[in-house]
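Below: the structure, in structure tokens.
There are 2 protein chains.
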Amino acid sequence: MAKVLTSKKENYSQWYNDLVVKADLAESSAVRGCMVIKPYGYAIWENMQAELDRMFKETGHVNAYFPLFIPKSFFSKEADHVDGFAKECAVVTHYRLKNDENGNGVVVDPDAKLEEELIVRPTSETIIWNTYKNWIQSYRDLPILCNQWANVVRWEMRTRMFLRTAEFLWQEGHTAHATKQEALEETERMINVYSKFAQEYMALPVIMGAKSDEERFAGALETFTIEALMQDGKALQSGTSHFLGQNFAKAFDVKFANKEGKEDFVWATSWGVSTRLMGALIMAHSDDKGLVLPPRLAPHQVVIVPIYKGEEQLNTIREKVDVIINELKALGVRVKFDDRDNQRPGWKFAEYELKGVPVRLAIGARDLENGTIEVARRDNMSKETKEIDGISQYIADLLEEIQSSIFKKALDFRTEKTTKVDTYEEFKEVLKNKGGFILAHWDGTTETELKIKNETKATIRCIPFDQPEEDGICIYSGKPSKKRVLFALAY
Amino acid sequence: MAKVLTSKKENYSQWYNDLVVKADLAESSAVRGCMVIKPYGYAIWENMQAELDRMFKETGHVNAYFPLFIPKSFFSKEADHVDGFAKECAVVTHYRLKNDENGNGVVVDPDAKLEEELIVRPTSETIIWNTYKNWIQSYRDLPILCNQWANVVRWEMRTRMFLRTAEFLWQEGHTAHATKQEALEETERMINVYSKFAQEYMALPVIMGAKSDEERFAGALETFTIEALMQDGKALQSGTSHFLGQNFAKAFDVKFANKEGKEDFVWATSWGVSTRLMGALIMAHSDDKGLVLPPRLAPHQVVIVPIYKGEEQLNTIREKVDVIINELKALGVRVKFDDRDNQRPGWKFAEYELKGVPVRLAIGARDLENGTIEVARRDNMSKETKEIDGISQYIADLLEEIQSSIFKKALDFRTEKTTKVDTYEEFKEVLKNKGGFILAHWDGTTETELKIKNETKATIRCIPFDQPEEDGICIYSGKPSKKRVLFALAY
Numbered sequence: 001m002a003k004v005l006t007s008k009k010e011n012y013s014q015w016y017n018d019l020v021v022k023a024d025l026a027e028s029s030a031v032r033g034c035m036v037i038k039p040y041g042y043a044i045w046e047n048m049q050a051e052l053d054r055m056f057k058e059t060g061h062v063n064a065y066f067p068l069f070i071p072k073s074f075f076s077k078e079a080d081h082v083d084g085f086a087k088e089c090a091v092v093t094h095y096r097l098k099n100d101e102n103g104n105g106v107v108v109d110p111d112a113k114l115e116e117e118l119i120v121r122p123t124s125e126t127i128i129w130n131t132y133k134n135w136i137q138s139y140r141d142l143p144i145l146c147n148q149w150a151n152v153v154r155w156e157m158r159t160r161m162f163l164r165t166a167e168f169l170w171q172e173g174h175t176a177h178a179t180k181q182e183a184l185e186e187t188e189r190m191i192n193v194y195s196k197f198a199q200e201y202m203a204l205p206v207i208m209g210a211k212s213d214e215e216r217f218a219g220a221l222e223t224f225t226i227e228a229l230m231q232d233g234k235a236l237q238s239g240t241s242h243f244l245g246q247n248f249a250k251a252f253d254v255k256f257a258n259k260e261g262k263e264d265f266v267w268a269t270s271w272g273v274s275t276r277l278m279g280a281l282i283m284a285h286s287d288d289k290g291l292v293l294p295p296r297l298a299p300h301q302v303v304i305v306p307i308y309k310g311e312e313q314l315n316t317i318r319e320k321v322d323v324i325i326n327e328l329k330a331l332g333v334r335v336k337f338d339d340r341d342n343q344r345p346g347w348k349f350a351e352y353e354l355k356g357v358p359v360r361l362a363i364g365a366r367d368l369e370n371g372t373i374e375v376a377r378r379d380n381m382s383k384e385t386k387e388i389d390g391i392s393q394y395i396a397d398l399l400e401e402i403q404s405s406i407f408k409k410a411l412d413f414r415t416e417k418t419t420k421v422d423t424y425e426e427f428k429e430v431l432k433n434k435g436g437f438i439l440a441h442w443d444g445t446t447e448t449e450l451k452i453k454n455e456t457k458a459t460i461r462c463i464p465f466d467q468p469e470e471d472g473i474c475i476y477s478g479k480p481s482k483k484r485v486l487f488a489l490a491y
Numbered sequence: 001m002a003k004v005l006t007s008k009k010e011n012y013s014q015w016y017n018d019l020v021v022k023a024d025l026a027e028s029s030a031v032r033g034c035m036v037i038k039p040y041g042y043a044i045w046e047n048m049q050a051e052l053d054r055m056f057k058e059t060g061h062v063n064a065y066f067p068l069f070i071p072k073s074f075f076s077k078e079a080d081h082v083d084g085f086a087k088e089c090a091v092v093t094h095y096r097l098k099n100d101e102n103g104n105g106v107v108v109d110p111d112a113k114l115e116e117e118l119i120v121r122p123t124s125e126t127i128i129w130n131t132y133k134n135w136i137q138s139y140r141d142l143p144i145l146c147n148q149w150a151n152v153v154r155w156e157m158r159t160r161m162f163l164r165t166a167e168f169l170w171q172e173g174h175t176a177h178a179t180k181q182e183a184l185e186e187t188e189r190m191i192n193v194y195s196k197f198a199q200e201y202m203a204l205p206v207i208m209g210a211k212s213d214e215e216r217f218a219g220a221l222e223t224f225t226i227e228a229l230m231q232d233g234k235a236l237q238s239g240t241s242h243f244l245g246q247n248f249a250k251a252f253d254v255k256f257a258n259k260e261g262k263e264d265f266v267w268a269t270s271w272g273v274s275t276r277l278m279g280a281l282i283m284a285h286s287d288d289k290g291l292v293l294p295p296r297l298a299p300h301q302v303v304i305v306p307i308y309k310g311e312e313q314l315n316t317i318r319e320k321v322d323v324i325i326n327e328l329k330a331l332g333v334r335v336k337f338d339d340r341d342n343q344r345p346g347w348k349f350a351e352y353e354l355k356g357v358p359v360r361l362a363i364g365a366r367d368l369e370n371g372t373i374e375v376a377r378r379d380n381m382s383k384e385t386k387e388i389d390g391i392s393q394y395i396a397d398l399l400e401e402i403q404s405s406i407f408k409k410a411l412d413f414r415t416e417k418t419t420k421v422d423t424y425e426e427f428k429e430v431l432k433n434k435g436g437f438i439l440a441h442w443d444g445t446t447e448t449e450l451k452i453k454n455e456t457k458a459t460i461r462c463i464p465f466d467q468p469e470e471d472g473i474c475i476y477s478g479k480p481s482k483k484r485v486l487f488a489l490a491y
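Same order as they appear, the protein sequences are chains B and U.
Residues in the first sequence are numbered from 1 upward in steps of one, following full-length UniProt numbering.
Residues in the second sequence are numbered from 1 upward in steps of one, following full-length UniProt numbering.
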């Protein structure tokens with residue numbers, strides 16, 4: 001098989017685009033900025049959804065569904081929020097088409113203009129808090145712990161599949177609490193859920209922290225984030241959890257009677273991850289041969305390819321393989337047997353490497369004689385011949401080993417690509433020649449942050465939770481600083 | 001607890017609306033025609049989704065995701081299709097808001113007008129077939145068996161929660177085949193899946209059949225349907241499967257090379273069920289006390305209510321109940337223990353009756369002495385006292401018994417409400433005084449169908465698959481007919 005991907009080194013961005021399309025994950029559509037998520041890509045997303053949904057329910061959340069459309073006037077009720085989203089939203093103005101009098105197909109019917117325009121939701125705080133108003137009277141109605149799986153639209157001008165699309169799929173949690181303390185705890189709980197998911201399922205090491213004022217969600221008092229490092233040394237924000245204070249409760253007049261019978265505004269959080277995680281998954285682990293999928297999210301964890309001449313040999317192989325398949329399924333392993341006769345084994349090997357199937361088993365005539373089977377790992381491309389006896393448990397264990405191994409590789413890469421710097425010169429030098437995460441002192445002002453951003457394009461990804469207090473001086477202003485923050489170029 | 005619902009007899013329509021709201025299933029939103037699906041309602045929908053998704057995958061289908069928006073020009077490509085949907089669609093014309101110069105919040109930015117308007121999908125045949133064009137070259141690429149879980153928008157003027165809303169949730173399967181025969185088989189396979197789901201999970205007896213020309217999907221050559229009967233004697237179309245012939249392949253120029261190397265247009269089907277099924281589920285089984293849910297779809301299948309005085313007694317009860325809960329969970333039963341101390345048992349009983357929990361267990365001081373527990377069925381409101389010993393298996397079996405019993409009740413009702421008539425006078429008389437399904441001879445013309453519809457509002461729900469061939473004469477025109485068709489007033 002000819003090389004199907006541009007190499008990462010040659011052109012990282014093209015490598016990513018090639019990979020998304022060639023591995024059948026997604027493709028662009030006829031609608032500007034909107035993608036089609038193809039079955040193989042969607043199957044990975046479904047695995048992500050299933051795990052996240054389980055984790056949300058374990059932490060006491062329930063799912064619900066709110067309208068796709070938001071009345072325009074709702075937008076203006078929270079000042080920061082409208083500034084954040086009004087500039088890139090899809091606006092519905094009419095509710096009917098009609099046949100063109102000149103015979104040019106259909107046109108918008110001017111008589112079917114809406115009294116108030118509707119915005120296709122870019123996020124649902126406003127419509128949800130307008131709804132919560134009716135659900136909350138007293139502290140007994142709290143907390144409300146709702147999540148929604150939905151599509152949202154943000155009219156981005158420069159789009160890239162999974163990373164930044166006009167329409168994307170996500171989940172958005174929206175919770176309502178009686179106290180500030182509870183809401184803050186929820187905000188933390190959910191960024192921890194995201195971190196756990198990223199690390200344990202996506203094999204993606206992430207740094208948890210708080211966003212600076214400048215990078216905070218439109219309408220939030222505090223935004224917590226998980227930041228991951230991609231193989232090109234750029235950061236990818238992978239999930240956020242917002243403490244909204246009483247902003248939306250005030251904007252939509254949502255009050256409750258507390259235990260003492262006193263009225264107060266409700267405290268809020270919101271938190272979300274999106275199909276952007278697919279971009280993180282792809283970019284963090286894959287190589288020039290294609291995807292590398294962590295076993296816990298791979299649609300097929302194991303593929304078995306028979307190498308045979310003639311139907312009789314295939315039948316003998318099939319008998320052996322059927323036993324292995326049943327054993328693997330009993331162990332909870334997702335396994336596929338590819339006995340298509342219109343493609344050669346070599347073609348299939350390349351195909352499954354491209355698609356990132358973690359383990360490939362191959363079995364041929366000699367294996368039948370020897371009672372063996374070939375086991376190939378996708379992550380490190382190693383191969384070994386194993387006895388068929390006991391192979392299923394071996395594979396099940398191997399999948400766990402691969403999961404850890406992919407995580408470790410990403411973690412080692414990040415460690416290698418994380419640099420502490422103490423001067424602005426050094427900062428610019430590392431940014432230019434090495435990339436990655438940079439831990440540096442900052443004076444805490446938006447002014448300095450923006451100057452650094454304008455001069456270098458680097459942004460503060462977060463103020464990491466796990467950075468120790470440490471006396472230092474801001475690399476830019478020389479003013480005192482108590483903690484290093486995380487800088488990087490970012491997607 | 002005071003009566004919370006209007007009685008069915010008094011005002012069926014009001015009873016339905018009351019029920020939807022009071023049982024926490026859904027409520028109307030600030031956006032015209034769009035509803036909020038509340039957590040309890042959404043949990044039922046999630047159970048439906050899980051079963052349907054499993055059935056789709058078992059029959060070889062995979063999920064994918066296609067854009068929310070459809071370019072206006074795509075609509076015009078299939079003539080019947082545009083006629084069917086253009087009159088009720090949400091049209092996106094702009095992609096930005098801006099601050100009003102007069103300080104009145106935000107307004108649509110006239111400089112951000114789209115070159116071509118986008119339609120919020122009312123159904124996705126056009127955008128999907130435009131995509132399939134790139135996926136299909138040869139017979140080896142076929143069949144394509146995709147399903148999508150999505151929201152769609154149809155700008156209905158008169159809306160009712162779950163039954164007819166501007167936005168609704170659904171799944172839409174879109175398949176592509178090399179032969180007419182295969183596509184027809186798929187169309188039948190999926191209406192059978194829907195029928196099985198309705199009967200085995202929703203406990204809803206349905207009649208399968210083909211739609212008349214008049215009632216067919218816009219763009220289909222054949223529409224198969226499942227029709228259910230509600231308690232007010234009106235029919236509810238609950239799922240449809242369409243044989244689209246080569247219409248969409250021709251509209252979007254989707255050709256393939258067959259085994260002989262000859263080019264041909266691809267054959268298509270599409271099929272869908274929506275949150276309308278929630279309406280069917282509610283209306284088919286519920287009563288004046290509230291919802292009656294079939295156990296297989298109930299979020300909680302069993303609720304346990306302790307009846308106690310003081311913390312000590314509650315603790316003793318809790319010990320007993322913990323054992324039962326663990327046993328029930330091990331048997332796969334979804335069980336909830338309601339030990340809230342701020343509501344009395346009687347209030348809880350009424351609440352769970354309203355919410356349709358299939359089995360309620362109550363345990364109090366006397367039960368503790370006697371080693372017994374009270375078992376109450378929601379469907380027939382019967383109560384019995386049982387030994388705690390062996391109760392879990394008894395409950396698991398009882399849930400199955402309730403599932404069958406609810407189905408049988410609905411089937412008996414339908415049988416009683418299905419009438420064969422041979423004259424138009426009789427037809428009108430039954431329609432007026434009895435309602436329900438009417439099996440009558442029809443001459444097969446749209447003209448007759450529309451005349452009957454105009455005069456009586458009754459429509460042909462379907463030409464049932466299981467009606468025997470039988471010589472007769474059309475009740476309206478007196479012309480010969482070979483088969484009775486199914487008439488009813490319908491939602």
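Glycine included, each C-beta is placed from N, C-alpha and C at the ideal position.
| query | result |
| --- | --- |
| When we look at the beta-carbon of residue 20 of chain U and count the other beta-carbons within 10 Å, is it buried (16 or more) or exposed? | buried |
| With which residues is residue 441 of chain B paired in a DSSP beta bridge? | B:484 |
| Is there at least one Cβ from chain B nearer than 8 Å to residue 247 of chain U's Cβ? | no |
| Could you pull the start and end residues of the beta strand (DSSP E) that residue 388 of chain B belongs to? | Taken as a continuous stretch (DSSP letters only), residue 388 of chain B belongs to no beta strand (DSSP E), as it is neither H nor E. |
| Would DSSP call residue 160 of chain B helix, strand or coil? | strand |
| With distances taken from CA atoms, which of U:282, U:386, U:307 is nearest residue 348 of chain U? | U:307 |
| Look at residue 131 of chain U and residue 66 of chain U and say whether their C-beta atoms are less than 8 Å apart. | yes |
| Helix, strand or coil: how does DSSP classify residue 354 of chain U here? | helix |
| At a Cβ threshold of 8 Å, is residue 163 of chain U touching chain B? | no |
| Buried or exposed for residue 205 of chain U, going by 16 or more other Cβ atoms inside 10 Å? | buried |
| From what residue to what residue does the alpha helix (DSSP H) around residue 520 of chain B run? | As displayed, chain B neither begins before 1 nor continues past 491, which places residue 520 of chain B out of reach and without an answer. |
| Can you tell me whether residue 128 of chain B is helix, strand or coil according to DSSP? | helix |
| Out of B:321, B:309, B:175, B:486, which has the shortest C-alpha to C-alpha gap to residue 246 of chain B? | B:175 |
| Look at the Cβ atom of residue 26 of chain U, then the Cβ atom of residue 161 of chain U, and state whether they are nearer than 8 Å. | yes |
| Ends of the beta strand (DSSP E) at residue 167 of chain U? | 167-177 |
| Who are the Cβ neighbours of residue 380 of chain U in its own chain at under 8 Å, not counting the five residues just before and after it? | 405 |
| Quick one: Cα of residue 188 of chain B to Cα of residue 82 of chain U, how far? | 49 Å |
| What residues from chain B crowd round residue 268 of chain U, counting only those whose CB sits closer than 9 Å? | Neighbours of residue 268 of chain U on chain B: none; closest Cβ ~17 Å, over 9 Å. |
| With a threshold of 8 Å, are at least 3 pairs of Cβ atoms found where one atom belongs to the stretch 284-293 of chain U and the other to the stretch 105-113 of chain U? | no |
| Would the beta-carbon of residue 252 of chain B fall within 8 Å of that of residue 184 of chain B? | no |
| Quick one: any contact between the stretch 470-486 of chain B and the stretch 440-448 of chain B, if contact means 3 or more CB pairs under 8 Å? | yes |
| The ligand SAH and residue 444 of chain B: does the residue's C-beta get closer than 7 Å to at least one heavy atom of that ligand? | This structure lacks the ligand SAH, and indeed carries no ligand of any kind. |
| Taking residue 128 of chain B as the reference, which of B:263, B:254, B:391 has the closest Cα? | B:254 |
| For the stretch 282-293 of chain B, enumerate the residues whose C-beta is nearer than 7 Å to any C-beta of chain U, in chain order. | none |
| Whose C-beta lies closer than 7 Å to the C-beta of residue 5 of chain B among residues of the same chain, with five residues either side of it excluded? | 15, 18, 19, 22, 288, 290 |
| What's the C-alpha gap between residue 479 of chain B and residue 350 of chain B? | 55 Å |
| Measuring only the C-alpha atoms, how far is residue 105 of chain B from residue 148 of chain B? | 37 Å |
| Counting only Cβ pairs nearer than 8 Å, list the residues of chain U close to residue 88 of chain B. | 95, 96 |
| If contacts are defined as beta-carbon pairs under 8 Å, then residue 273 of chain U and residue 146 of chain U qualify, I think. What distance do you get, rounded to the angstrom? | Not a contact, Cβ separation roughly 16 Å. |
| Take residue 387 of chain U and list the residues in its own chain whose beta-carbon comes closer than 7 Å to its own, dropping the five residues that flank it on each side. | 371, 372 |
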